[in-house]
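In this note's numbering, the protein residues as written are 48 to 674.
Next comes the structure, spelled out in structure tokens:
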């Protein structure tokens with residue numbers, strides 16, 4: 048229900064009877080869809096010829112009403128028939144619909160195509176569930192699973208929430224169900240809602256009301272209500288969601304006024320008032336929004352007016368939806384998002400407050416509370432380690448109570464090793480873990496999945512390095528002292544020497560050569576001449592730049608003189624080049640010298656009758672990278 052009401056905007060539709068005839072036209076179906084009457088639009092599209100637009104809109108009708116099996120059917124046919132021209136945003140919805148049916152494998156494939164990098168949802172959720180500092184035990188708060196309850200908030204020793212319980216009211220076109228009203232209730236020892244009663248008519252109107260938040264003394268309330276008029280935004284007629292303020296005077300709610308930062312041009316939703324009454328957090332698609340819905344905050348000034356809204360920034364907000372903010376007294380932010388990686392659709396995240404304006408990277412609360420459907424509206428009574436949230440995992444929005452328990456934390460660092468240029472996994476790489484002193488603690492050989500795991504200790508600093516032959520080692524430093532960070536995901540991207548340096552090339556046979564100017568020696572000599580020294584100085588610089596590189600120096604002669612003589616001469620020349628490198632600061636252990644004599648000529652001459660130019664080509668030094 049939440050997505051049905053808030054995913055884009057509240058609107059008001061007056062739907063006439065278009066189904067007097069059994070058959071409807073595509074034009075009628077599109078008209079219903081454009082007015083967000085998704086239930087009737089889906090019925091109409093099912094009778095139409097299934098063009099690309101019909102299939103996309105049909106999938107959207109089901110997706111926005113959480114009928115994920117039907118959404119998968121429509122999107123699946125769309126992708127099968129028209130994949131090359133499907134819009135990117137439909138990939139996102141199709142992937143979430145697949146995850147909503149627990150088809151994570153296919154959902155991850157589609158999401159990976161949308162994002163441009165691989166996803167593995169089951170593995171990710173296993174890791175974050177292990178990572179989160181708490182686990183949760185859940186119970187549904189109402190035996191009636193079709194009330195459409197969500198938007199729960201603390202209200203003294205009671206709770207308030209939004210619901211469809213006014214079932215006799217006029218239906219809302221989006222989902223063909225009643226409009227929302229605000230209710231209050233007590234919660235019994237079994238976590239069930241009891242003594243449910245609606246708010247008075249000064250609060251509940253013929254519009255949608257939802258998502259209340261209260262001052263500490265219970266005398267001020269902020270809540271959502273849809274606007275009184277429809278306006279045109281992006282070629283659509285919509286009624287935006289606004290935040291209202293009400294005051295409890297005597298024994299009734301009065302002085303109901305729209306907050307100044309509300310507008311007909313955008314929506315402001317899901318208000319949350321901090322305990323000190325000085326800040327109001329909310330979600331909005333106002334100007335400056337990064338995604339389709341971002342989290343904002345305003346200061347409440349001493350005269351009751353509001354500061355300009357401030358976006359919480361890209362650490363929290365993504366190009367998709369962030370909604371339902373809730374803050375604990377220490378400033379920890381809980382919110383719902385479908386833009387940060389999760390189980391599919393909206394998941395609940397937490398983010399520690401760093402200072403007055405900054406929050407830490409969000410942490411998914413894991414699969415003990417998040418499902419493959421929408422999970423949102425998390426609120427917490429920290430003193431008693433319990434709270435409430437909403438989810439549509441059973442098909443309709445329902446409220447759940449939870450008890451929070453400390454997780455048995457296992458401090459881990461895990462990650463993958465990938466090629467920097469291609470992003471391909473690199474099995475066979477070696478990953479080493481070092482302590483703060485640089486002492487090697489453990490090393491692993493990466494398998495075919497390209498991943499690695501190390502057990503670590505809390506409150507400790509580490510360095511990790513990834514090595515692979517013909518690649519520049521990559522390193523990263525991390526620590527396990529940050530609150531809640533017990534699982535660290537490191538993407539180790541290593542760059543090959545031949546991608547990094549123009550003078551390094553990989554041959555068809557797999558050998559990697561450093562291609563320098565040729566080194567020339569006097570006849571029957573092996574001492575390093577000034578020209579040869581200049582060439583070798585380039586090699587010295589390269590070896591100092593890459594301190595883990597190991598090489599082989601090879602020396603080759605022409606075919607003049609005897610085979611034994613040429614072998615001995617080439618050994619001396621290769622050894623001479625190696626000694627020059629040692630004298631210039633390169634560790635001998637990183638190098639080996641090999642004399643090949645005349646055994647590997649580049650040019651094989653008939654009857655050994657080479658020209659002087661061909662002899663010169665065969666006389667050469669080679670520099671091969673070993674690792």
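Every residue gets a Cβ at the ideal spot worked out from N, C-alpha and C, and that includes glycine.
Start-to-end residues for the alpha helix (DSSP H) that takes in residue i
i, result
"residue 181", "Note, residue 181: premise wrong, no alpha helix (DSSP H); beta strand (DSSP E) at 181-187."
"residue 108", "99-111"
"residue 326", "That residue, residue 326, is in no alpha helix (DSSP H); its beta strand (DSSP E) goes 326-331."
"residue 128", "115-129"
"residue 458", "Neither: residue 458 is in no alpha helix (DSSP H) and is coded neither H nor E."
"residue 139", "135-147"
"residue 546", "544-547"
"residue 87", "85-92"
Simplified DSSP assignment, three categories, for residue i
i, result
"residue 619", "helix"
"residue 397", "strand"
"residue 465", "strand"
"residue 317", "strand"
"residue 310", "coil"
"residue 172", "helix"
"residue 586", "helix"
"residue 564", "coil"
"residue 483", "coil"
"residue 648", "coil"
"residue 152", "helix"
"residue 434", "strand"
"residue 80", "helix"
"residue 198", "strand"
"residue 257", "strand"
Closest residue to residue i among the options (Cα-Cα distance)
i, options, result
"residue 591", "566, 300, 166, 628", "628"
"residue 236", "93, 186, 269", "186"
"residue 397", "372, 418, 404", "372"
"residue 561", "601, 540, 344", "601"
"residue 566", "595, 401, 670", "670"
"residue 570", "389, 613, 589", "613"
"residue 310", "325, 326, 275", "275"
"residue 248", "509, 228, 258", "228"
"residue 462", "454, 608, 295, 474", "474"
"residue 423", "391, 430, 572, 315", "391"
"residue 639", "479, 201, 672", "672"
"residue 296", "320, 178, 268", "268"
"residue 451", "442, 354, 430", "430"
"residue 357", "109, 368, 366, 329", "329"
"residue 179", "479, 606, 472, 459", "459"
"residue 170", "575, 148, 496, 507", "496"
"residue 586", "102, 630, 558, 74", "630"
"residue 633", "593, 434, 604", "593"
"residue 541", "147, 471, 526", "471"
"residue 262", "490, 203, 658", "203"
"residue 583", "554, 624, 620", "624"
"residue 519", "79, 502, 546", "546"
"residue 483", "196, 526, 103", "526"
Proximal residues to residue i (C-beta, below 6 Å), its chain only, five neighbours per side dropped
i, result
"residue 476", "464, 493, 513, 515"
"residue 143", "391, 392"
"residue 73", "95"
"residue 498", "463"
Boundaries (first-last residue) of the beta strand (DSSP E) holding residue i
i, result
"residue 292", "288-296"
"residue 476", "It is not in any beta strand (DSSP E) - residue 476 carries neither H nor E in the DSSP assignment."
"residue 299", "299-305"
"residue 345", "341-346"
"residue 263", "First-last for residue 263: undefined, no H or E at that position."
"residue 672", "667-672"
"residue 242", "240-245"
"residue 205", "205-210"
"residue 553", "551-553"
"residue 504", "First-last for residue 504: undefined, no H or E at that position."
"residue 526", "521-526"
Same chain, Cβ closer than 7 Å to residue i, five either side skipped, listed in chain order
i, result
"residue 305", "289, 291"
"residue 418", "390, 438, 440"
"residue 414", "172, 176, 390"
"residue 663", "none"
"residue 532", "Only weak support is given to the placement of residue 532: the predicted model assigns it a pLDDT of 49, under 50, and the value that follows is read from those uncertain coordinates. Closer than 7 Å at Cβ, skipping near neighbours: no residue."
* **Length at least 3, wholly inside the stretch 590-643: the beta strand (DSSP E) runs in chain order** => 598-603
* Asked: Hey, which unbroken runs of the beta strand (DSSP E) at 3 residues or more fall wholly within the stretch 362-431?
  -> 369-374, 380-384, 394-398, 422-428
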